[in-house]
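Visitor: Residue numbers (our numbering): 487 to 739. Think of the CB as a built atom: it goes at the ideal place given N, C-alpha and C, for glycine as much as any other residue. Owing to the predicted nature of the structure, the values given are computational and were not obtained by experimental measurement. Quick one: the structure is below, and I'll ask about it shortly.
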């Protein structure tokens with residue numbers, strides 16, 4: 487609820503700033519009696535700036551949405567593969583079985599308790615999780631007994647395959663955590679927003695009432711989109727953060 491209220495307050499603030507600019511423009515720079523409200527060149531330039539700015543916003547939104555979707559997919563894949571590795575330990579001798587389950591539980595705790603705060607800060611995951619994966623792989627490769635049945639051998643091979651899937655998903659999660667929207671796009675969004683509103687004030691509708699309403703709506707909507715992009719740009723923190731439920735449903739803390 488606090489995030490929602492702060493978002494509404496910021497959007498309203500953007501709309502009010504736009505409204506103040508319109509009022510000041512009409513108060514201190516009113517149109518002269520013989521002055522034309524706009525011309526074809528100004529309208530064309532204003533239209534082009536608006537179209538280009540819409541493309542920049544669309545590009546930024548698609549980029550952060552893809553990163554957020556990839557993060558959800560990678561976490562779901564990683565948690566599912568880890569759960570399969572845990573279940574397939576039934577095919578191992580008791581000593582190997584216990585070692586696998588202990589390491590899997592430690593890995594799940596490492597992800598949810600240690601790595602998650604690092605991902606929220608766009609930091610690297612650290613070496614501990616990779617070392618646990620190597621330990622799981624070594625255990626499955628060395629634990630089967632000489633007289634292992636065909637089913638046990640197949641289970642071991644399937645576990646190795648699941649570990650490869652887990653490794654790839656972990657690498658994807660690490661990349662998602664470090665991913666961030668380009669500074670160029672951020673600059674384009676802010677500069678484009680200022681130019682779009684500025685051209686609307688100078689060459690837009692000249693009726694003060696209509697101009698005020700349009701400026702407030704446009705200013706508020708632009709601020710909302712930028713806030714939405716900023717939240718989606720942080721897949722592991724903020725309002726739209728990817729949760730830990732995929733891991734905690736398999737490995738309750």
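1) Looking at the C-beta of residue 529, does it have a partner C-beta in chain B at a distance below 7 Å?
2) Report the three-state DSSP secondary structure of residue 731 (helix, strand or coil).
3) If residue 664 and residue 564 are in contact, beta carbons under 8 Å, what's the gap, nearest whole angstrom?
4) Taking only the alpha-carbon atoms, compute the straight-line gap between residue 605 and residue 576 and give it to the nearest angstrom.
5) Could you give the DSSP three-state label for residue 720: helix, strand or coil?
6) How many angstroms separate the CA atom of residue 649 from the CA atom of residue 704?
7) Short of 8 Å in beta carbon distance, which residues of its chain neighbour residue 491, apart from the five on each side in sequence? Order them along the chain.
8) I'd like to know whether the C-beta atoms of residue 626 and residue 642 end up nearer to each other than 7 Å.
9) Could you work out which residue in 586, 548, 532, 640 is closest to residue 620 when comparing CA atoms only?
10) Do you know how far the Cα of residue 499 is from the Cα of residue 442?
11) Where does residue 612 sit, in a helix, a strand or coil, going by DSSP?
12) Buried or exposed: where does residue 513 fall if 16 or more other Cβ atoms within 10 Å of its Cβ makes it buried?
13) Can you give me the Cβ contacts of residue 583 inside the same chain, cut-off strictly under 6 Å, excluding the 5 residues immediately before and after it?
14) Does DSSP classify residue 677 as helix, strand or coil?
15) Just how far apart, CA to CA, sit residue 436 and residue 502?
16) Using 8 Å as the threshold, is the region 549-557 in touch with the region 706-720, meaning 3 or more CB pairs across them?
Guide: From the atom records:
1) This model lacks chain B altogether; it includes just one protein chain.
2) helix
3) About 16 Å separates the two Cβ atoms, so there is no contact after all.
4) 33 Å
5) coil
6) 50 Å
7) none
8) yes
9) 586
10) In the structure as shown, the chain starts at 487 and stops at 739, and residue 442 therefore has no counterpart that could be examined.
11) coil
12) exposed
13) 575
14) helix
15) Shown here, the chain extends from 487 to 739; a query on residue 436 therefore has no answer.
16) yes
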